[in-house]
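Chemist: Here it is, the structure, as structure tokens.
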Amino acid sequence: MFQHDLLAGKVIVITGGGTGLGRAIGERYLELGAKLAITSRREDVLREAAAQMSAAGGEVFYVPCDVRDPNQVSAMVDAVMERYGKIDVLVNNAAGNFVSPTEKLSTRAFDAVIGIVLHGTVHCTLEVGKRWIAAGVGGAMLNIVATYASSGAGSGYVVPSAVAKSGVLALTRSLAVEWAKYGIRQVAIAPGLFPTEGAWSRLVPTAELAERIVERVPLRRVGEKRELCNLAAYLISDEAAYINGEVVVIDGGEWLRGAGQFNDLERLTEQEWATLSAMAKR
Ligand code: HXC
Ligand code: NAP
């Protein structure tokens, strides 16, 4: 799909880069020649991921950091700068989420998700962006959101995440305009269903639920990580230099399936269609 040196020489920071989609994206970036810095709260997870990811070649530096704390974010960026001397790309991928009736949530529960997703993204974006601006260098920022943000529809039962991801999308679009003059590009991806341990354990905990959600997808399957990773590679590469402020949905058509008023008619059998058509012609 790509030239093998597409990302050669680029230093890329991925928050939440030790697990799930963040790790998969990092592995693809490594294959394409990038040097990585991965960060999240759990040092043991990062250590093991960095060792496994770099086994096939390439540099993976890890720094434990809770993105909710701006001081830890600043120290994390210091550590990456000390190691590599520069940062070219920031991927804001770290997130927290769970399903719950909203009226049952405590304020601490809301804060837990908004702190990671919205404040965490703001902290990393500002810390890296201010340094790029001061140094007179540009870069690209990729934010991982969700289709309930990109569609503008939000979603019940994941309201803290819907609120936070919508904020991240507003940040993406606002800074796409404001920071373009500094050579800083903002892009986002809204993934549909990509099974990971972190997301599925909290959002799709039973086999029955997992089966039911796939029925919502016109392509009748979940996404494959490599499909998302190739998009994530293209968007931060120099080949996508004119894409700024865009959010790309990769969901097999899932959100549109929910949007069209008559899309449920796909459940009708041939016989039911024959009856319906005959009635409609009267
Ligand atoms: C209701 C909950 C809850 C739940 C926690 N809380 N889980 N409330 N339902 N399932 C409440 C707690 O009771 C507490 O409030 C408050 O939230 C903080 O909980 P802690 O456990 O202290 O928080 P913390 O250790 O900071 O953990 C954050 C977390 C956790 C978000 C709760 O799940 C986490 O670390 N997640 C990181 C990974 C993750 O979520 N990955 C999935 C991303 S998937 P009280 O008032 O009791 O003190 C994703 C996909 C979107 O975003 C789309 C998919 C299709
Ligand atoms: P995941 O494996 O649970 O990833 C979440 C990551 O965030 C973990 O590595 C976690 O590591 C890190 N993290 C959480 N809180 C943090 C904090 N305070 N500071 C630093 N790092 C923190 O789930 P995933 O499915 O790969 O999700 C990755 C991204 O894709 C998220 O933005 C998610 O919203 C988005 N997404 C996923 C799907 C899907 O279908 N999987 C769909 C739509 C959007 P620690 O616990 O070590 O901190």
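This note's numbering runs 728 ahead of the 1-based position in the sequence shown. Ideal Cβ placement from N, Cα and C applies to all residues, glycine included.
(1) If we ignore side chains and look at the alpha-carbon of each, how far apart do R769 and P919 end up?
(2) Take W983 and list the residues in its own chain whose beta-carbon comes closer than 6 Å to its own, dropping the five residues that flank it on each side.
(3) Any heavy atom of ligand 1 closer than 8 Å to the beta-carbon of T767?
(4) What separation, rounded to the nearest whole angstrom, lies between the Cα atoms of L903 and T849?
(5) Kindly identify the DSSP beta-bridge partner or partners of L818.
(6) Tell me the DSSP secondary structure of S828 in three-state form.
(7) Let me know if V896 comes out buried or exposed under the rule of 16 or more other beta-carbons within 10 Å of its beta-carbon.
(8) Run through the DSSP bridge pairs and tell me what Y790 is partnered with.
(9) Between F838 and ligand 2, is there a pair consisting of the residue's CB and a ligand heavy atom that are separated by less than 8 Å?
(10) Quick check on Y885: buried or exposed, where buried means 16 or more other Cβ atoms within 10 Å of its Cβ?
(11) Contact check, V819 vs T743 under 8 Å by CB: the rounded distance?
(12) Report all residues from its chain with a CB closer than 8 Å to the CB of I978; omit the five preceding and five following residues, and keep chain order.
(13) Under 9 Å between the Cβ atoms of L764 and F730?
(14) How far does the alpha helix (DSSP H) with E974 in it extend, from its first residue to its last?
Modeler: Here's the rundown:
(1) Cα atoms of R769 and P919: separation of roughly 23 Å, rounded to the nearest angstrom.
(2) Contacts found: T875, S879.
(3) Outside the cutoff, so no.
(4) Cα-Cα distance, rounded: 13 Å.
(5) BP columns for L818 point to V741, M869.
(6) Assigned with DSSP and collapsed to three states, S828 falls in coil, not helix or strand.
(7) So V896 counts as buried.
(8) Partner(s): I766.
(9) No, since every heavy atom of ligand 2 falls outside the 8 Å radius drawn around the Cβ of F838.
(10) Its Cβ having fewer than 16 others within 10 Å, Y885 is exposed.
(11) About 7 Å; that satisfies the 8 Å criterion.
(12) Around I978: I917, A918, P919, G920, G951, E955, L956, L959.
(13) For L764 and F730, no; Cβs fall outside 9 Å.
(14) That residue, E974, is in no alpha helix (DSSP H); its beta strand (DSSP E) goes 974-978.
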